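Engineer: Before anything else, here's the structure in question.
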Amino acid sequence: MEGLVNSVNGVIWSSALIYLCLGAGLFFSIVTRFAQVRLFGEMIRLIFKGKASRDGISSFQALTLSLAGRVGMGNIAGVAAAIGFGGPGAVFWMWVVGFLGAMTAYIEATLAQIYKEKDAITEQYRGGPAYYFEKALGQRWYGIVFAITAIIALSIFLPGIQTNGVVNAVTQVMGEGTTLNILGADVGVMRLGAIAIILIVFGIIIFGGIKRIATFTEFVVPFMAIGYIILALIIMFSNFEMIPQVFGLIVSDAFTAQAGLGAAIGWGVKRGVYSSEAGQGTAPHAAAAAEVDHPAQQGLVQSFSVYIDTLLVCSATAFMILTMGTYNIQGTLPDGQYLVQNVVAGTEINSPAFTQMAMETVYGAFGNIFIAIAVFFFAFTTILANYYIAEVNVAYLTRYISAKANRIGLRLVKVLTMAMIAYGGLNSAGYIWAIGDIGVGLIAWLNIVGILLIFFMARPALKALKDYEAQRKAGVTRYTFDPAKLGIKNAFYWEERQLEEQRVLKGSDLYKDTK
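If you're matching positions, the sequence shown starts at 27 in my numbering and goes up one per residue.
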């Protein structure tokens, strides 16, 4: 089975997908005139501007919900794996994916806002790739294919990565403990305990719906991310003289890679896409749930979240590992030889081990424990975000069937997710990451090809950006979005909202006339 998984993974993550991710990000950056640089200040302003409503969550909650999906094992174990398999140069290519991917994130998040719906059952906003493929492409079958693929990827392929990282971090600190024989395999009590805690807390939160998930991530994600970055900065500045050397190593190795240029680019892009989610098609689901005055606003907020994830959190991990030298580089040499070996041979590369070692070097046992705690919260919030995305796609598939079909679908997703949480915690890291990469690769293929087709057909996200910038230049006090005026079709939510606003305005004018 593991051989089959690795073979499929190799086909999906061929050079075609790697260059598609980079090419799409570069293309969207050019056509938006590098809005990720021009509108950087506006991105920050918008994060704290939007307010939650009865139907939707705030821009900040949507940001933290999407960050819950972005800031996870990819930032701690994923960066370590990129370095361990691709060398320090892989970090440079993660940065490239983050910078260019910011505009891919803008495009997909804005599309999610333009074509969002109000769910008939929950009366909350729903949206994402399946919705915009149906409405913007006019291809419902493509939306259905994406929705089914996303449900499989998010509830079966991806939860195991997060759980696996948590239990590996816990056992790195506390060991396996007493082993029990379960179905013919010896499993440590500490491993079982970590899995049980994740399952219990996960179950409590998901039954509270999107509002409870968003509230939880709103507090946990910023707290853990800021704490993690602060500890990383302390390590960096306590070794200030090494920062130029580490930065130079990353940049030089990006083009003369120790592990080979293909390995550096491949692992950098793969882990960059997994970590930042830019183009992956997962973050748009959270973007669609936000209450905003104009679709471009949430698109810009989601662009900034890529910076937080890749240029801050991932960079913090990379600089810690490289500064402290707590990494090995696994090449293709025979007999298990390393290209570079700084730590104990056999240390699991697809795990938080390198990061824990870096923290422990400076902070002792506290650093090791802190990483275990950070991994738990980062991974746990990612599992929540993944579940929410699967839930949205169940809603898409069942919205024309019945409420009963929706309830059955959601129960199935809950059971599958919880089963894969347990499965991921009991299996080897390499195998679980390979399964997760298949899920990420499948939805990335579908989403990036789809949003490129939408762009060439109608350019709705670009029209929204130009409209937003025009209103911003005009100094309006409240932004509005009229899809009909921009030639954007099938944006039903915004069409109805525009008509309602016109009715309110006419009523107000009529009242003034009678006075």
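For each residue, glycine too, the CB sits at the ideal point set by N, CA and C. As the structure is a prediction and not an experimental result, all values here were calculated from the model.
Any idea what DSSP makes of Arg59, helix, strand or coil?
Structural biologist: Working through the sequence shown from its first residue, we reach residue 59 at position 33. Three-state DSSP puts Arg59 in coil, outside helix and strand.
Engineer: Which one or two residues does DSSP pair with Tyr1 in a beta bridge?
Structural biologist: The question about residue 1 has no answer, for the chain in this structure spans 27 to 541.
Engineer: Using the DSSP secondary-structure output, state which residues sit across from Val366 in a beta bridge.
Structural biologist: The sequence position of residue 366 within the sequence shown is 340, counting from 1. Val366 pairs with Ile355.
Engineer: Whole angstroms are fine: how far does the CA of Val215 sit from the CA of Thr136?
Structural biologist: By 1-based counting over the sequence shown, the position of residue 136 is 110. By 1-based counting over the sequence shown, the position of residue 215 is 189. For Thr136 and Val215, the distance between alpha carbons rounds to 46 Å.
Engineer: Taking 9 Å as the cut-off, decide whether the C-beta atoms of Cys340 and Asn101 are in contact.
Structural biologist: Locating residue 340 in the sequence shown gives position 314, counting from the first residue. Locating residue 101 in the sequence shown gives position 75, counting from the first residue. Remark: C-beta atoms of Cys340 and Asn101 approach each other more closely than 9 Å.
Engineer: Run the CB neighbour count on Leu468, radius 10 Å, all protein chains shown included, and call it buried at 16 or more, exposed below.
Structural biologist: To locate residue 468, count along the sequence shown from 1; it is residue 442. Classification for Leu468: buried.
Engineer: Less than 8 Å between the CB atoms is what I'm expecting for Gly13 and Gly450, so what's the real figure, rounded?
Structural biologist: Since the displayed the chain opens at 27 and closes at 541, residue 13 lies outside it and no answer follows.
Engineer: May I have the straight-line CA-CA distance separating Phe53 from Ile223, to the nearest angstrom?
Structural biologist: Stepping through the sequence shown from its first residue, residue 53 is reached at position 27. Stepping through the sequence shown from its first residue, residue 223 is reached at position 197. So the two alpha carbons sit approximately 44 Å from each other.
Engineer: Roughly how many whole angstroms lie between the Cα atoms of Tyr45 and Gln328?
Structural biologist: In the sequence shown, counting from the first residue as 1, residue 45 sits at position 19. In the sequence shown, counting from the first residue as 1, residue 328 sits at position 302. Taking C-alpha positions only, Tyr45 is separated from Gln328 by approximately 22 Å.
Engineer: Going by beta-carbon coordinates alone, are Gly154 and Ile415 separated by less than 9 Å?
Structural biologist: Here residue 154 refers to the residue found at position 128 when the sequence shown is read from its first residue. Here residue 415 refers to the residue found at position 389 when the sequence shown is read from its first residue. Yes, they are a contact pair.
Engineer: If you drop the 5 nearest sequence neighbours on each side, which residues of the same chain put their C-beta closer than 6 Å to that of Gly476?
Structural biologist: As a first step, residue 476 must be located in the sequence shown, where it is residue number 450. Counting only Cβ-Cβ distances below 6 Å, and skipping sequence neighbours, we find Phe159.
Engineer: Give the range of the alpha helix (DSSP H) segment to which Glu303 is assigned.
Structural biologist: Reading the sequence shown from its first residue, position 277 is the one you call residue 303. No alpha helix (DSSP H) contains Glu303, which DSSP labels as neither H nor E.
Engineer: Here's the rule: buried if 16 or more other CB atoms are within 10 angstroms of the residue's CB, otherwise exposed. What is Gln367?
Structural biologist: Taking the sequence shown and counting its residues from 1, the one referred to as residue 367 is at position 341. Exposed, because fewer than 16 other Cβ atoms sit within 10 Å of the Cβ of Gln367.
Engineer: I'd like the span of the alpha helix (DSSP H) that includes Lys489, first residue to last.
Structural biologist: The count along the sequence shown starts at 1 and reaches residue 489 at position 463. Start and end: Pro486 to Ala500.
Engineer: From Gln188, Val502, Ala490 and Lys532, pick the residue whose C-alpha is nearest to that of Trp520; which is it?
Structural biologist: Here residue 520 refers to the residue found at position 494 of the sequence shown. Checked all of Gln188, Val502, Ala490 and Lys532; the closest Cα to Trp520 is Ala490.
Engineer: Taking the alpha helix (DSSP H) that Asp279 falls in, what are its first and last residues?
Structural biologist: Along the sequence shown, read from residue 1 onward, the residue named residue 279 stands at position 253. It spans Ile269 to Asp279 - the alpha helix (DSSP H) in which Asp279 sits, taken as one unbroken run.
Engineer: Give the range of the alpha helix (DSSP H) segment to which Gly169 is assigned.
Structural biologist: Working through the sequence shown from its first residue, we reach residue 169 at position 143. Arg166 to Ile178 is the extent of the alpha helix (DSSP H) around Gly169.
Engineer: Compute the distance between the beta-carbons of Phe111 and Val466, then report whether it is under 9 Å.
Structural biologist: Here residue 111 refers to the residue found at position 85 when the sequence shown is read from its first residue. Here residue 466 refers to the residue found at position 440 when the sequence shown is read from its first residue. Not closer than 9 Å, so no.
Engineer: What does the alpha-carbon distance come out to for the pair Ile231 and Gln188?
Structural biologist: Against the sequence shown, residue 231 aligns to sequence position 205. Against the sequence shown, residue 188 aligns to sequence position 162. If I take the Cα positions, the gap works out to 17 Å.
Engineer: Does Gly465 come out as helix, strand or coil in the three-state DSSP assignment?
Structural biologist: As a first step, residue 465 is located in the sequence shown; it is residue number 439 there, counting from the start. Helix, per DSSP.
Engineer: Only counting the same chain, and skipping five residues up and downstream in sequence, which positions put a Cβ closer than 7 Å to that of Asp539?
Structural biologist: Walking along the sequence shown from the start, residue 539 turns up at place 513. Residue placement at Asp539 is flagged as unreliable, the pLDDT there being 47, under the threshold of 50; the coordinate-derived value follows with that caveat. Cβ within range, chain order: n/a, list empty.
Engineer: Name, in chain order, the residues that DSSP records as bridge partners for Thr205.
Structural biologist: For this step, residue 205 is matched to residue 179 along the sequence shown. As a beta-bridge residue in DSSP terms, Thr205 pairs with Gly214.
Engineer: List the whole-angstrom C-beta distance separating Asp463 from Trp39, where the pair is believed to meet the contact cut-off of C-beta under 8 Å.
Structural biologist: In the sequence shown, the residue the question calls residue 463 occupies position 437. In the sequence shown, the residue the question calls residue 39 occupies position 13. Rounded, the Cβ-Cβ distance is 6 Å, consistent with contact.
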